[in-house]
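Numbering (the numbering used here), first residue to last: 259 to 513.
If you want it as C-alpha cells, here you go:
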C-alpha cells in the first residue's frame, strides 16, 4: 500500500531540475502543496533548505532528489518507482534555530535557520565578539573572522568547513564554532546543550562591523545576535533506507 498518493513537486530554477520536474509530474501527477501528502524537492542542498522553510507550515514530509551539486540532504535521483521509494523512505525529524538580531537603528530581525546561524566580519578588520550562554558571559572577547551556531543536521556544512565537530542527528547539543579565531589563539568553540540560548554582542560595531546570516538570509551591521533552538517548528525529511542523515554524517567523517 502506498503511503503517499498525492505528490507536490518543487524544482530549483535550473534547467536540469525543471526538466526533471516536468517528466516526474507527467508520470506521477503534481498536486498543489496544500493538497499533497508529500513534497518532492528537486535541486541541491540550498534548494532543500528553501523548500523546508517555504513549506514548514504545512507539516508535510519532504523527500529530496539531487539535481544540484553536493546533495547531502538529498536522495539519489531516479524516475522509476517513485511511489515505492516514498513508501519505503525513513523519516528524520529536525528542529531549526531561531535567530534574533538587532540592527544599528535598534530594529530587531527574526529568522529561522536549519543549518546554522553565523556572524561574519563585514569589514577589513577582525570582528570582536562577546559570547554569553544562558545569560552568563563565557568569553569576554573573541577576535575572529566570525562565529557560528550549528544544528546537528547542519554540522557538516559551514560548521565542518570551519573545523567544527560533526554532531549525530539525535544528539541534544549545538555546536558553537569560531571562524579563524585570533584571540584566544586557536579557540575552536564549544558543545552546548540543545536548549541553550547563545548571545553574541558585537564589540566596536562601527569600527569592526559584523553581519549575521541565517541559512543564506543576512542582516548587515548587527549590534547583537541571540540564537536558540526553535522546538515548536518541526521539519520532516525522508531518506531512502540505509541512506539517512545518521549514515551520511558517519560517512562524511571517514571520507
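Glycine included, C-beta positions come from ideal geometry on N, C-alpha and C. Owing to the predicted nature of the structure, the values given are computational and were not obtained by experimental measurement.
Go ahead and label residue 264 buried or exposed: buried means 16 or more other beta carbons lie within 10 angstroms of its beta carbon, across all protein chains shown.
-> Stepping through the chain shown from its first residue, residue 264 is reached at position 6. That one is exposed.
Inspect the CB distances between the stretch 471-482 and the stretch 494-503 and report whether three or more fall short of 8 Å.
-> With a cut-off of 8 Å on Cβ pairs, the stretch 471-482 is not in contact with the stretch 494-503, counting fewer than three such pairs.
What number of angstroms, rounded off, separates the C-alpha of residue 348 from the C-alpha of residue 496?
-> As a working mapping, residue 348 is identified with position 90 in the chain shown. As a working mapping, residue 496 is identified with position 238 in the chain shown. Cα to Cα, the separation comes out at about 5 Å.
Count the other CB atoms, across all protein chains shown, that sit within 10 Å of the CB of residue 338; report buried if there are 16 or more and exposed otherwise.
-> Translated into the one-based positions of the chain shown, residue 338 becomes position 80. Per the 10 Å Cβ criterion, exposed.
Residue 451 - containing beta strand (DSSP E), residue span | As a position in the chain shown, residue 451 is number 193, starting the count at 1. Per DSSP, residue 451 belongs to the beta strand (DSSP E) from 447-451.
In or out: residue 465 buried (at least 16 other Cβ within 10 Å) or exposed?
-> Walking along the chain shown from the start, residue 465 turns up at place 207. Per the 10 Å Cβ criterion, exposed.
Does DSSP classify residue 349 as helix, strand or coil?
-> Translated into positions along the chain shown, residue 349 becomes position 91. Residue 349: strand per DSSP, three-state reduction.
With DSSP collapsed to three states, give me the class of residue 305.
-> Numbered from 1 along the chain shown, position 47 holds the residue referred to as residue 305. DSSP places residue 305 in helix when its eight states are reduced to three.
Taking the runs of the beta strand (DSSP E) that are 3 residues or longer, which of them lie wholly in the stretch 414-483?
-> Annotation note: the stretch 414-483 contains the following uninterrupted beta strand (DSSP E) runs of length 3 or greater, listed N- to C-terminal: 431-437, 447-451, 455-460, 468-472, 475-477.
Can residue 374 and residue 406 be called in contact, C-beta distance under 7 Å?
-> As a first step, residue 374 is located in the chain shown; it is residue number 116 there, counting from the start. As a first step, residue 406 is located in the chain shown; it is residue number 148 there, counting from the start. It is a contact, given that the beta carbons lie within the stated cut-off.
C-alpha distance - residue 460 paired with residue 363, whole-angstrom precision | Mapped onto the chain shown, residue 460 falls at position 202. Mapped onto the chain shown, residue 363 falls at position 105. In a straight line, the C-alpha of residue 460 is about 14 Å away from that of residue 363.
Does at least one heavy atom of the ligand ZN sit under 6 Å from the Cβ of residue 327?
-> Only the bare structure without any ligand can be found here, which leaves the ligand ZN out of the picture.
Closest residue to residue 410 among 434, 467, 365 (Cα-Cα distance) | One-based indexing of the chain shown puts residue 410 at position 152. When each option's Cα is compared against that of residue 410, the closest is 434.
With which residues is residue 371 paired in a DSSP beta bridge?
-> In the chain shown, residue 371 corresponds to position 113, counting from 1. 355.
Sorted by chain position, which residues of the same chain lie with C-beta nearer than 8 Å to residue 455's C-beta, five sequence neighbours on each side aside?
-> The residue labelled residue 455 in the question sits at position 197 within the chain shown. So the qualifying residues of the chain are 391, 392, 393, 484, 485, 486.
Own chain partners of residue 401 with C-beta closer than 6 Å, once the 5 adjacent residues on each side are dropped | Within the chain shown, residue 401 is the residue found at index 143, counting from 1. If we look at residue 401 and ignore the five residues flanking it on each side, its Cβ neighbours are 384, 386, 440, 441.
Can you list, in chain order, the residues of its chain whose CB lies under 6 Å from that of residue 369, leaving out five sequence neighbours each side?
-> Start at 1 with the first residue of the chain shown, and residue 369 comes out as number 111. Same-chain partners within the cutoff: 357, 472, 475.
Pick from 326, 351, 297: whose alpha carbon is nearest that of residue 340?
-> Walking along the chain shown from the start, residue 340 turns up at place 82. With distances taken between Cα atoms, residue 340 lies closest to 297.
According to DSSP, is residue 263 helix, strand or coil?
-> Residue 263 sits at position 5 when you count from the first residue of the chain shown. Three-state DSSP puts residue 263 in coil, outside helix and strand.
What number of angstroms, rounded off, separates the C-alpha of residue 479 from the C-alpha of residue 302?
-> Within the chain shown, the letter at position 221 stands for residue 479. Within the chain shown, the letter at position 44 stands for residue 302. One C-alpha to the other measures close to 29 Å.
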